[in-house]
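A.B. asks: To start, I am sharing the structure in question, which I have written as structure tokens.
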């Protein structure tokens, strides 16, 4: 009897050891993939956190940091994928960090695809705005004029306008459709211009800038006129240039607020997305982005030419002040230029 009892105890010990070796009986399961996968996930999470820090901390210091911040919508989507990976691979702490950072980024990006509720029944003059970066004067003038006519455009801004492009536009008949103009054509992409259906009076609302940013008072047929700026801040390609870029955006004229003042519109190639600090500061002063207002804030405008490696981003904008209503927003491809033209249908309140 004693021998049988000893054999039973020994058998129980063997069974206990076998059970403890099974995963479901172990106190802690090892996460799949080992240290290499852990390190890779940590590096991806660090990149996500770095972009978020740059975006919310205003850390645009040069071309690389500015470019990374421009990719915030892509990084946000990537954060969602990374979250699923960290959960599937049971890296719980990393998953928590990724979830928080991705959620914060998503909150900043989501409003761009959600149309704003605008005050109904805004009465006043209709104004159709088109901005087209003509890429060193290489854009297809005939196609641009067709766009103007097909969309009943009232005012057109043209960053990177040169004298050759002016001649091409004249030949294509632009000035017959939009006879009033304030033009500052120059070479090397520094020129610009405004043409309008309504009379223009040249202003100086954005002076002392690297590239020309002409402005004009549009004499509207109704009670309120429009102050219009063809925006084109410098590209942030280096330390000194980045500082200039910030200054040229943040010193653009503030929006008008009083009903007895002209409405102010900034339209052009801002060389900035809605994630860049200078443009966010400008919007924070009271402007509305037409694309974001209609839920089209992620519609890309660059690049359209010659940079297949570059993810599309939104650099061109129409900013409106006050209670100006935005009814429609679209982008159009124009041959010969690396930017899409941006169109906004507005109502200027009386």
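In full-length UniProt numbering, the protein residues as written are 1 to 350.
We put the CB at the ideal spot given by N, CA and C, even for glycine.
This structure is a prediction, so every number in the text was calculated from the model and none was measured.
What number of angstroms, rounded off, separates the C-alpha of residue 344 from the C-alpha of residue 180?
C.D. replies: 20 Å
A.B. asks: Indicate whether residue 197 and residue 178 have their beta-carbon atoms separated by less than 7 Å.
C.D. replies: Yes, these two residues count as a Cβ contact at 7 Å.
A.B. asks: I believe residue 254 touches residue 157 by the beta-carbon criterion, under 8 Å. Please report the beta-carbon distance rounded to the nearest angstrom.
C.D. replies: Going by Cβ atoms, the distance from residue 254 to residue 157 rounds to 19 Å, so no, they are not a contact pair.
A.B. asks: With distances taken from CA atoms, which of 32, 51 and 86 is nearest residue 42?
C.D. replies: 86
A.B. asks: Please determine if the stretch 216-226 and the stretch 236-247 are in contact, where contact requires at least 3 C-beta pairs separated by less than 8 Å.
C.D. replies: At 8 Å Cβ cutoff, the stretches do not touch.
A.B. asks: Return the residue from the list 227, 210, 211 and 186 that minimises the CA-CA distance to residue 199.
C.D. replies: 227
A.B. asks: Within a Cβ cutoff of 8 Å, which residues of the same chain sit near residue 65, ignoring the five residues on either side of it in sequence?
C.D. replies: Result list for residue 65: 54 and 59, in chain order.
A.B. asks: Helix, strand or coil for residue 176 per DSSP?
C.D. replies: helix
A.B. asks: So what does DSSP say about residue 302, is it helix, strand or coil?
C.D. replies: strand
A.B. asks: Quick one: using the 10 Å Cβ neighbour count with 16 as the cut-off for buried, is residue 57 buried or exposed?
C.D. replies: It counts as exposed.
A.B. asks: Going by CA-CA distance only, name the one from 350, 306, 98 and 302 that's closest to residue 132.
C.D. replies: 302
A.B. asks: Under DSSP, the alpha helix (DSSP H) around residue 74 begins and ends at which residues?
C.D. replies: 72-88
A.B. asks: Would you identify the three-state DSSP class for residue 289, choosing helix, strand or coil?
C.D. replies: strand
A.B. asks: Which whole-angstrom value is the C-beta distance of residue 342 and residue 313, which I expect to be below 8 Å?
C.D. replies: Contact doesn't hold; Cβ gap of about 13 Å is too wide.
A.B. asks: CA-CA distance, residue 125 and residue 237?
C.D. replies: 40 Å
A.B. asks: So the alpha helix (DSSP H) residue 248 belongs to, where does it begin and stop?
C.D. replies: Counting along the chain, the alpha helix (DSSP H) containing residue 248 begins and ends at 239-250.
A.B. asks: State the CB to CB distance for the pair residue 278 and residue 230, rounded to an integer number of angstroms; the pair is presumed to be in contact (CB under 8 Å).
C.D. replies: Not quite, the Cβ-Cβ distance comes to about 18 Å (not below 8 Å), so this is no contact.
A.B. asks: Which residue comes first and which comes last in the alpha helix (DSSP H) that contains residue 46?
C.D. replies: 34-57 is the span of the alpha helix (DSSP H), which, as asked, contains residue 46.
A.B. asks: Here's the rule: buried if 16 or more other CB atoms are within 10 angstroms of the residue's CB, otherwise exposed. What is residue 103?
C.D. replies: Exposed.
A.B. asks: Keeping to the same chain, check which residues put their C-beta closer than 6 Å to that of residue 336; ignore five residues upstream and five downstream.
C.D. replies: 138, 139 and 140
A.B. asks: Might you give, ordered along the chain, the residues of its own chain that have their beta carbon closer than 7 Å to the beta carbon of residue 73, omitting 5 neighbours on each side?
C.D. replies: Same-chain partners within the cutoff: 109 and 298.
A.B. asks: In this structure, does DSSP put residue 111 in helix, strand or coil?
C.D. replies: Shown here, residue 111 sits in a helix according to DSSP, grouped into three states.
A.B. asks: Check whether the stretch 184-191 touches the stretch 141-157, taking contact to mean three or more Cβ pairs, one atom from each stretch, closer than 8 Å.
C.D. replies: Taking one beta carbon from each stretch, the stretch 184-191 and the stretch 141-157 have fewer than 3 pairs nearer than 8 Å; the two do not touch.
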